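Below is one structure, written out as structure tokens, with a few remarks after it.
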Amino acid sequence: METLETACLYGADAVYLGLRGGSNLRALARNFSLEELPHAVAYAHEKRVKVYLTLNTYPHDGQYVVLPDPIHAAWDTGIDAVIVSDIGVLSMVKRLAPSVPLHLSTQANAVSSHAVNAWAGLGVSRVILARELSCGEIETIRRNTRCELEVFIHGSVCISLSGRCLISDYLAHRGANQGQCTQPCRWDYAMVERTRAGQYMPVGEEDGFTFLYNSKDLCLLPVFEKVMALGLDGLKIEGRNKASLYVATVVAVYRQARDEYLKDPEHFQVRPEWIDEIAKVSNRQYFTGFFTGKPGHDGINYDFKGYEQSHHLAARVVEVKDGHVTMEARNPLIEGMVLEWLSSTGQRQSFVLRGAFSEDGAQTHIKPNQLFSLKTSFVPKPGELIRKPFSEGDRVMPGREG
4 METLETACLY GADAVYLGLR GGSNLRALAR NFSLEELPHA VAYAHEKRVK
54 VYLTLNTYPH DGQYVVLPDP IHAAWDTGID AVIVSDIGVL SMVKRLAPSV
104 PLHLSTQANA VSSHAVNAWA GLGVSRVILA RELSCGEIET IRRNTRCELE
154 VFIHGSVCIS LSGRCLISDY LAHRGANQGQ CTQPCRWDYA MVERTRAGQY
204 MPVGEEDGFT FLYNSKDLCL LPVFEKVMAL GLDGLKIEGR NKASLYVATV
254 VAVYRQARDE YLKDPEHFQV RPEWIDEIAK VSNRQYFTGF FTGKPGHDGI
304 NYDFKGYEQS HHLAARVVEV KDGHVTMEAR NPLIEGMVLE WLSSTGQRQS
354 FVLRGAFSED GAQTHIKPNQ LFSLKTSFVP KPGELIRKPF SEGDRVMPGR
404 EG
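As numbered in my numbering, residues 4 to 405 make up the sequence shown, in order.
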């Protein structure tokens, strides 16, 4: 729920979420329960943010039994659309919740206007296009369809075609198409000659080049004016497996970029500080995917499978009252640390942690999850985040996201 609240606060127009029980492609994420869904939808709608429910797995016959409850919940709670990949799921949603709009998942791999128009003929109101499309190809599709179009502009990229991968199923017996991907594309591979068991030979073009399938993260911010010129109906940011600091930072940057473009498209320029800002959150290095042409070696991070980031979450604002700001610590904090307020309006302000106190008195060493208060020169909103720079040696985290 906190990630959803953060997305709403920092500028999202819509959020997409999944339910527990194997009905979406992020079965390992912190999904919502059926009991939590009404509150989540009501909260987002109160903030004038739409909610899309993902039912985007490719279920086998025995797995359809879990779908009626989420579909009925979508109907009952006023979900703004359901995202599907499978035509059988599409048919079930139309039958059980006929008034709920249908969006086609990128997992369905729509790469042409012919496919988009065919899906529209089946009742789909919006198609989330495959990631394997160039700017020119998207432009052609836009010109030849009246269906709403959406594209991914930021986040992880699967090495397989639109995420339809079998490697996890084969190596770990956990199916990516049922939402259980173990990301074997991020594993470190070596070669073994059949008669020399245990003698591992590195695979690659140069020393250390062993992460053969480890794609960099998609980031279309450097070409954002081209994205906006396409006249798309939705710009999608990966967020369901991400921490709240990631969501706040990335959503805020793209919101600022979009708003500035709409004010003056002719003179729009991507600000260097926006590029710097998204480099501060966890990433596997960035590239522009297929948008600027087929990627080559520059799209793969061969020598490192982990994340890079320069900042982590220090605290979250809980309450602002009587000149004091109450926060909940998310990492250990010590008096004298330099922290930074991440405003939901784009403002950034550094400050030194001094004069923190709680019901137990002055606090010089604050533990994670501990509530504390202090006076600040700025006035934040509840839910806004405070971040802290990593020390130089902590900027790279193998196989871990913060």
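Where is the CB? At the ideal position from N, CA and C, for every residue including glycine. Here the structure is a predicted model, which is why all the values come from computation and not from measurement.
Alpha-carbon to alpha-carbon, residue j and residue i
i, j, result
"Tyr83", "Val18", "Note that residue 83 is Asp in the sequence shown here, rather than Tyr. Their backbone Cα atoms lie some 10 Å apart in a straight line."
"Gly349", "Gln259", "7 Å"
"Leu248", "Ala255", "11 Å"
"Ile105", "Val44", "Before going further, note that residue 105 is Leu rather than Ile in the sequence given. Cα to Cα, the separation comes out at about 17 Å."
"Gln435", "Arg390", "The first residue shown for the chain is 4 and the last is 405, placing residue 435 beyond what the model contains."
"Leu136", "Pro298", "11 Å"
"Arg357", "Lys378", "9 Å"
"Glu3", "Cys222", "Here the chain covers residues 4 to 405 and nothing more, so residue 3 does not appear."
"Gly405", "Glu311", "With a pLDDT of only 45 at Gly405, under the threshold of 50, the placement of this residue in the model should not be trusted, and no figure is reported."
"Lys229", "Ala282", "21 Å"
"Ser346", "Ala15", "14 Å"
"Thr60", "Glu39", "21 Å"
"Phe393", "Val253", "18 Å"
"Ala10", "Gln366", "31 Å"
"Val54", "Asn334", "30 Å"
"Thr57", "Gly158", "17 Å"
"Thr109", "Gln272", "29 Å"
"Ile90", "Lys97", "11 Å"
"Asp210", "His314", "With a pLDDT of only 48 at Asp210, under 50, the local geometry of the prediction cannot be trusted, and the value read off the model is given with reservation. Distance between the alpha carbons of Asp210 and His314 is about 30 Å."
"Pro41", "Arg51", "15 Å"
"Gly364", "Val382", "23 Å"
"Phe266", "Pro225", "Note that residue 266 is Lys in the sequence shown, not Phe. Roughly 18 Å separates the two Cα atoms."
"Phe214", "Asp220", "In this prediction, Phe214 scores a pLDDT of 47, lower than 50, which makes its location untrustworthy; the coordinate-derived value is nonetheless stated afterwards. Between Phe214 and Asp220, the C-alpha separation is close to 14 Å."
"His368", "Gly296", "51 Å"
"Tyr46", "Phe354", "31 Å"
Residue i at chain D interface by Cβ criterion, 9 Å
i, result
"Ala118", "In the structure shown, chain D cannot be found, because there is only a single protein chain."
Residues sharing a beta bridge with residue i, DSSP
i, result
"Thr57", "Ile86"
"Val129", "The residue asked about is misnamed: residue 129 is Arg in this sequence, not Val. Note: Arg129 sits in a beta bridge opposite His106, Glu151."
"Phe360", "Ala365, Ser376"
"Lys391", "His315"
"Glu322", "Thr329"
"Gly158", "Leu221"
"Ser116", "Paired residues: none, contrary to the question."
"Val1", "What is shown of the chain runs 4 to 405, which leaves residue 1 out entirely."
"Trp344", "Gln352, Ile389"
"Ile337", "His368"
"Phe35", "Leu22"
Sub-9 Å separation of residue i and residue j beta-carbons
i, j, result
"Phe294", "Tyr264", "no"
"Ala111", "Ser88", "yes"
"Ala332", "Gln288", "no"
"Arg243", "Leu20", "yes"
"Ile144", "Leu238", "no"
"Pro73", "Leu22", "yes"
"Ser218", "Ala246", "no"
"Trp78", "Ser102", "yes"
"Val92", "Pro62", "yes"
"Val127", "Gly292", "no"
"His327", "Ser380", "no"
"Leu37", "Ala76", "yes"
Practice problem: Would you check if the stretch 317-328 and the stretch 257-275 touch, i.e. whether three or more CB-CB distances between them fall below 8 Å? | Solution: no
Quiz item: Would you call the stretch 125-132 and the stretch 152-161 in contact, with 3 or more CB pairs under 8 Å?
Solution: yes
Self-check item: the stretch 373-390 in contact with the stretch 4-23 per 3-pair CB rule at 8 Å
Solution: yes
Quiz item: Is there contact between the stretch 336-344 and the stretch 275-286, where contact requires at least three CB pairs shorter than 8 Å?
Solution: no
Exercise. Could you say if the stretch 109-123 and the stretch 65-84 meet the contact criterion of at least three C-beta pairs nearer than 8 Å?
Key: no
Quiz item: Counting only runs that start and end within the stretch 222-274, where is the alpha helix (DSSP H) found for 4 or more residues in a row?
Solution: 227-232, 247-266
Practice problem: Ignoring anything shorter than 3 residues or poking outside the stretch 274-301, list the beta strand (DSSP E) runs there in chain order. | Solution: none
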